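Novice:
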Amino acid sequence: MDNTISIQEWVQFIGAEYLESFIRDGGASVKFAVADDDTKNELAFALSEQSGNLGCSFVKINAVDARVHMPQDIFFAMAKQMDWRLLARRVVITLAERQDYRVADVALCGNDSIYAAIGDANRVDAATVMQELRPEIENRIFKNRRMARDFRVAMTRMCLLENAAPSDAYGGQSLVDWLTGTNTRIGNVKHFSVHTSINRTTARHFIESALYWIRYAGYDGVVILLDNTRVLLPQRPQDRSRFYTKSMVMDHYELLRELIDGTDRLSGALVVVVSNPDFLNEDTRSRGFGCYEALMTRVMNDVQDRYLANPMASLVRLS
């Protein structure tokens, strides 16, 4: 391919120009990368390593496993890779530190009560810690309108449920199942005052809320690698694995277009859509971005150097 850039060079650029500053400050961007299969694997490893080094959470979504034309499946795929209990515990510790509790020696992981652990580190009982932190949890989480109502209700409940003893069964599993799409029945979480299903209509608000929550829990940002190569497959595979009809392809491209146009609503997120060279097909009858002009005009580079690749471009070709 002409005007290619090496993976290491591009990932280093992404880290320096986006993750260390723009994303860390709360900005968001959608990038497109074209690569072959071997290069895609190398890109996933390099982005994951770079994200970890810079304090960002890394999520990988593949169109073979998730229905990437459905926004709720994008959320579910992301949610399944999140440790929701760990996020809640990180938030509780952050709120405790704001209340001048010593938290340096408090373990984040584990099934023990985070409130008891904070109490032990400060020589007070867990009930006192719980009593002092509950108003903070309600004010900073339950009343935080940066998140969708039912999402912030769920996060409030999950923070409070981290008061359980190690011997007790975790009381928030139904919330985790609702978030990950394992059990989408809203009746299972109604007793938590959660009344909204995560579906095509509401998923965008939950994606925005989750990205905000991850940063609120102390991560510097979220990097989402979305491999949509399967969307370009022209014929149904013989192994009966996932296949996208032309209408599904259009829905997927519409979703990507909405992501690009809605970056101002995303918090500290870098979305990298990686595909193969077929994505660059401008024929309206193809499965490339040419079949959806609204996406193509947002992605394609109007001006480009004949010999050098621009690492800041919306679309890069990786070698």
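In terms of the numbering used here, the sequence shown opens at residue 4 and continues consecutively.
Think of the CB as a built atom: it goes at the ideal place given N, C-alpha and C, for glycine as much as any other residue.
What you are looking at is a predicted structure, and each value in this text was computed from that prediction instead of being measured.
Please state the DSSP three-state secondary structure of residue 320.
Specialist: Note: residue 320 maps to strand in three-state DSSP.
Novice: Taking the beta strand (DSSP E) that residue 122 belongs to, which residues open and close that run?
Specialist: No beta strand (DSSP E) holds residue 122; the alpha helix (DSSP H) holding it covers 117-125.
Novice: DSSP beta-bridge partners for residue 227?
Specialist: For residue 227, which the question treats as bridged, DSSP gives the partners 62, 274.
Novice: When the distance is taken between beta carbons, is residue 61 closer than 9 Å to residue 51?
Specialist: Contact flag set, yes.
Novice: Spell out the partners DSSP gives residue 37 in its beta bridges.
Specialist: Beta-bridge pairing links residue 37 to 278, 320.
Novice: Starting from residue 182, trace the alpha helix (DSSP H) both ways and give me its first and last residue.
Specialist: Its alpha helix (DSSP H) spans residues 176-183.
Novice: Name the one or two DSSP bridge partners that residue 8 has.
Specialist: Residue 8 pairs with 321.
Novice: Taking C-beta to C-beta, are residue 229 and residue 274 nearer than 9 Å?
Specialist: Yes, the Cβ-Cβ distance between residue 229 and residue 274 is below 9 Å.
Novice: In the DSSP assignment, what residue or residues form a beta bridge with residue 323?
Specialist: Beyond the ends of the chain as shown, which are 4 and 322, falls residue 323; an answer cannot be given.
Novice: Counting along the chain, where does the alpha helix (DSSP H) carrying residue 75 start and finish?
Specialist: Start and end: 74-82.
Novice: In whole angstroms, what separates the C-alpha of residue 271 from that of residue 171?
Specialist: Going from the Cα of residue 271 to the Cα of residue 171 covers about 35 Å.
Novice: What is the rounded straight-line gap between the Cα of residue 193 and the Cα of residue 178?
Specialist: Rounded to whole angstroms, residue 193 to residue 178 spans 10 Å at the Cα level.
Novice: Could you name the residues of the same chain whose beta carbon sits closer than 8 Å to that of residue 145, not counting the 5 residues immediately before and after it, in chain order?
Specialist: These residues qualify, in order along the chain: 155, 156, 159.
Novice: Looking at residue 118: is its Cβ nearer than 9 Å to the Cβ of residue 107?
Specialist: No. Outside cutoff.
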